[in-house]
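Chemist: Residue numbers (my numbering): 207 to 296. Every residue, glycine too, gets a C-beta built ideally from N, C-alpha and C.
#1: Please report how far the alpha carbon of residue 277 lies from the alpha carbon of residue 225, in whole angstroms.
#2: Rounded to the nearest angstrom, what separates residue 244 and residue 207 at their Cα positions?
#3: Measure the Cβ-Cβ separation of residue 275 and residue 242 and say whether it is below 7 angstroms.
#4: From what residue to what residue does the beta strand (DSSP E) around residue 259 run?
#5: Kindly list the residues whose CB is nearer than 8 angstroms to the CB of residue 267, restricted to its own chain and excluding five residues on each side of it in sequence; keep chain order.
#6: One question on the structure: do residue 259 and residue 293 come within less than 7 angstroms of each other, judged by their Cβ atoms?
#7: Only counting runs of 3 or more residues, tell me where the beta strand (DSSP E) segments fall wholly within the region 231 to 255, in order along the chain.
Here you go:
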């Protein structure tokens with residue numbers, strides 16, 4: 207099962223992307239996403255956005271997700287498949 211979906215190079219970029227969790231669906235603004243970082247092995251990834259700090263973890267590399275986030279080409283992240291945690295940012 208795919209854990210995230212990206213836009214093709216020819217498709218128009220969207221101002222938002224969807225993050226799904228076990229309990230909620232979020233539409234997050236690319237303009238509000240900051241501090242994207244990943245572990246050296248890309249098994250954990252985190253970013254800050256309007257809902258707080260989003261932390262993702264996987265047993266498979268998320269290097270492709272990291273690169274797609276850099277290019278703002280992510281359409282949807284299935285957080286329920288990536289051990290998603292959302293923490294408030296002070």
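Modeler: Once the coordinates are examined:
#1: The count along the chain shown starts at 1 and reaches residue 277 at position 71. The count along the chain shown starts at 1 and reaches residue 225 at position 19. So the two alpha carbons sit approximately 17 angstroms from each other.
#2: For the purposes of this step, residue 244 is taken as residue 38 along the chain shown, with counting starting at 1. For the purposes of this step, residue 207 is taken as residue 1 along the chain shown, with counting starting at 1. Straight-line Cα distance between these residues: approximately 22 angstroms.
#3: Here residue 275 is taken as the residue at index 69 of the chain shown, counted from 1. Here residue 242 is taken as the residue at index 36 of the chain shown, counted from 1. A contact, by the Cβ cut-off of 7 angstroms.
#4: The residue you call residue 259 lines up with position 53 of the chain shown. Its beta strand (DSSP E) spans residues 258 to 263.
#5: For this step, residue 267 is matched to residue 61 along the chain shown. The answer, listed in chain order, is 247, 248, 249.
#6: By 1-based counting over the chain shown, the position of residue 259 is 53. By 1-based counting over the chain shown, the position of residue 293 is 87. The answer is yes: Cβ separation under 7 angstroms.
#7: 231 to 235, 240 to 244, 250 to 255
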